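Contents: one structure, followed by commentary.
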């Protein structure tokens with residue numbers, strides 16, 4: 050049995066229904082504005098009775114659906130609630146309604162992608178010429194009503210008399226052309242050629258609009274929600290826009306829930322935290338889906354594939370959205386302890402998805418314990434909760450170890466969806482002492498020479514190394530105050546050279562070494578500028594001049610994993626090798642396993 054009907058209503062009827070509110074847009078549809086050329090091309094096609102493609106609509110109960118008017122519709126003209134939603138064809142119908150039916154003009158984009166209003170006209174004589182492309186006969190202008198013809202001639206159309214004088218027909222009179230035609234003929238009085246000109250135009254051009262049938266695929270109101278989503282995905286002409294969020298927005302709108310508005314509010318709240326600045330809706334949906342599928346007894350394992358996300362219902366989303374949001378806030382707290390404060394310093398945004406899900410699940414377990422503490426429990430439930438309590442011990446250390454093995458093992462460099470789901474399930478089981486350490490910890494390896502290969506923030510390993518430096522408690526070179534106190538609020542805090550780049554060039558240090566993470570640390574711009582291109586021994590003298598004694602200098606440099614003696618001697622290689630080893634030991638501690646040095650084979654088992 051078919052879920053749809055195919056009709057061929059008149060374009061004029063469709064536009065009338067749009068104007069009265071009978072046909073509207075689903076609330077999830079975004080505003081869409083065509084540029085001037087596409088509108089002129091569309092008008093030219095209809096004026097020649099060329100096909101412009103079918104539209105897809107859905108029959109609905111307007112009182113139960115979240116809808117909005119097509120842009121350009123005057124609310125004062127609304128006489129009935131919507132019973133039809135436009136699923137595909139929004140751009141074409143909006144452009145046609147605004148140019149043909151609205152007296153306020155059509156919204157378009159100029160070359161700077163700025164929104165402007167334009168009015169459209171047909172050059173009557175050019176429309177009837179076999180030698181002129183129809184698109185060149187479609188003219189447009191701004192509010193000043195100054196039209197430029199293809200010849201370059203500029204015509205003022207600020208009065209109907211000027212329209213008659215130049216035989217320029219306003220497109221928004223197409224469905225009400227009789228009065229304009231009569232007045233045009235009166236203007237030219239006894240000129241029979243003008244009378245014949247308009248009669249031909251009326252028959253061959255205006256007639257095309259009045260008799261134009263627009264193929265319409267109309268889905269019935271009882272069409273299953275999944276079918277609507279699938280059809281919408283297949284037929285929507287914007288293709289690139291139809292990511293999982295858009296499809297889920299369609300599905301939820303059918304259930305009367307505004308996903309886009311909900312995400313907008315949550316995103317605003319979450320992005321108050323600088324470290325979540327790059328969090329997007331896909332990350333959020335993946336985390337939510339992990340939690341939802343894990344709790345669903347009908348699903349064997351937690352998942353966050355595209356298919357799993359699209360199987361979410363609006364009720365699923367509403368149940369888990371707050372919990373997911375709390376998970377990301379817990380992730381902020383976790384990352385702060387790990388000395389990651391800004392979005393640009395997060396090694397893998399995709400791993401943040403897993404982290405938030407893990408922390409949300411752990412938090413749910415803790416809340417379950419608290420809520421049941423005061424209740425009389427049977428023995429089996431007591432044993433279960435005691436087990437959960439035990440797993441909370443050292444959970445932070447375990448999660449931290451998993452996190453850094455994921456970073457330095459580059460486990461999120463590819464196949465991230467599978468990695469996210471596997472890590473979530475395995476880490477949760479590990480925290481509950483149901484299984485051994487997760488595969489990310491078992492399989493992660495890190496070789497010391499990797500730190501020489503990565504020299505920009507594009508690398509997760511590079512970002513991880515920055516955090517390792519910060520974990521040592523970096524103090525500002527000039528003030529001695531903790532740098533982490535300023536990282537979130539001061540955009541001038543960044544990585545800078547310890548042995549300045551200019552000094553390295555003058556002393557024959559290869560860029561591969563001078564630009565490596567071993568020769569960089571976190572400093573303020575002011576501190577870096579005070580260092581300039583001077584040798585370390587020179588800027589150490591500046592530190593002493595700022596009333597920082599030798600003991601304090603030693604403490605400051607040690608907080609950056611730097612040995613002061615090599616800086617005093619301007620000994621780059623002594624400094625380089627010592628700091629390299631110090632940083633590798635910090636990484637080993639974070640991963641809980643040995644880093645492979647140059648010439649060493651990969652160990653068979655992880656260090657405990």
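Numbering (the working numbering), first residue to last: 50 to 657.
No residue lacks a Cβ here, since even glycine has one placed at the ideal position from N, Cα and C.
Bear in mind that the values here come from a model prediction, so they are computed numbers and not experimental data.
Notebook entry, point to check: What are the start and end residues of each continuous beta strand (DSSP E) run of 3 or more residues lying completely inside the region 114-161, in chain order?
Noted result: 133-137 and 155-158
Next item on the list: Could you pull the start and end residues of the beta strand (DSSP E) that residue 197 belongs to?
Entry: 195-197
Note to self: Taking only three categories from DSSP, how would you classify residue 638?
What the structure shows: Residue 638 falls in the helix class under three-state DSSP.
Margin query: Less than 8 Å between C-beta atoms, sequence neighbours within five positions excluded: which residues of the same chain meet that for residue 550?
Written below: Sequence-distant partners of residue 550 (beyond 5 residues in either direction) whose C-beta falls short of 8 Å from its own C-beta, in its chain, are 563, 564 and 582.
Note to self: Quick check on DSSP: helix, strand or coil for residue 443?
What the structure shows: coil
Check: Short check: CB of residue 353 to CB of residue 373, under 8 Å?
Finding: No.
Note to self: Bridge partners for residue 53 per DSSP, in chain order?
What the structure shows: 268
Check: When we look at the beta-carbon of residue 358 and count the other beta-carbons within 10 Å, is it buried (16 or more) or exposed?
Finding: buried
Check: For the candidate residues 612, 605, 526 and 609, whose alpha-carbon lies nearest to that of residue 575?
Finding: Measuring from the Cα of residue 575, the nearest candidate turns out to be 526.
Item checked: Rounded C-alpha distance that separates residue 212 from residue 126 -> 28 Å
Next item on the list: Report yes if the C-beta distance between residue 177 and residue 249 is below 8 Å; otherwise report no.
Entry: yes
Notebook entry, point to check: Measuring CA to CA, which of 485, 409 and 401 is closest to residue 453?
Noted result: It is 401.
Margin query: Do residue 406 and residue 362 count as a contact pair if the criterion is CB distance below 8 Å?
Written below: no
Check: Is there contact here, the region 123-143 with the region 197-211, by at least three beta-carbon pairs under 8 Å?
Finding: no
Check: CA-CA distance, residue 167 and residue 90?
Finding: 14 Å
Next item on the list: To the nearest angstrom, report how far apart residue 98 and residue 258 are at their CA atoms.
Entry: 8 Å
Notebook entry, point to check: Ends of the alpha helix (DSSP H) at residue 91?
Noted result: 85-96
Item checked: Buried versus exposed call for residue 300 [16 or more other C-beta atoms within 10 Å across all chains shown] -> Buried.
Check: Taking residue 586 as the reference, which of 457, 513 and 615 has the closest Cα?
Finding: It is 615 whose Cα lies nearest to the Cα of residue 586.
Check: Does the Cβ-Cβ distance between residue 194 and residue 293 come in under 8 Å?
Finding: Residue 293 sits away from residue 194, with the two beta carbons spaced by 8 Å or more.
Checklist line | Nearest-angstrom Cα separation, counted from residue 92 out to residue 242 | finding: 26 Å
Notebook entry, point to check: Since residue 105 and residue 73 are thought to touch, with beta carbons under 8 Å apart, how far apart are those beta carbons, to the nearest angstrom?
Noted result: 14 Å between Cβ atoms; not a contact.
Notebook entry, point to check: In terms of alpha-carbon separation, which member of 192, 180 and 171 lies closest to residue 186?
Noted result: 171
Next item on the list: Would you mind giving the Cβ-Cβ distance between residue 592 and residue 450, rounded to the nearest angstrom? I have them listed as a contact below 8 Å.
Entry: Residue 592 to residue 450, Cβ: 36 Å. No contact.
Checklist line | Beta-carbon gap between residue 304 and residue 370 smaller than 8 Å | finding: no
Margin query: Determine whether the beta carbon atoms of residue 446 and residue 76 lie at a separation below 8 Å.
Written below: no
Note to self: Whole angstroms are fine: how far does the CA of residue 203 sit from the CA of residue 61?
What the structure shows: Those two C-alpha atoms are separated by around 32 Å.
Check: Do you know offhand how far residue 483's Cα is from residue 472's?
Finding: When the Cα atoms are used, residue 483 and residue 472 turn out to be separated by approximately 14 Å.
Note to self: Can you find the residues in the same chain that come closer than 7 Å, C-beta to C-beta, to residue 517, ignoring five residues on each side of it along the sequence?
What the structure shows: 632, 635, 636 and 639
Notebook entry, point to check: residue 55: buried (16+ other C-beta within 10 angstroms of its C-beta) or exposed?
Noted result: exposed
Next item on the list: Could you pull out every residue in the same chain whose Cβ sits closer than 8 Å to the Cβ of residue 169, ignoring the five residues on either side in sequence?
Entry: 88, 89, 92, 148, 155, 187, 188, 189, 219, 220 and 221
Note to self: Going residue by residue through the region 512-575, where are the continuous alpha helix (DSSP H) segments of at least 4 residues, counting only ones entirely within it?
What the structure shows: You should have 533-536, 550-555 and 560-563.
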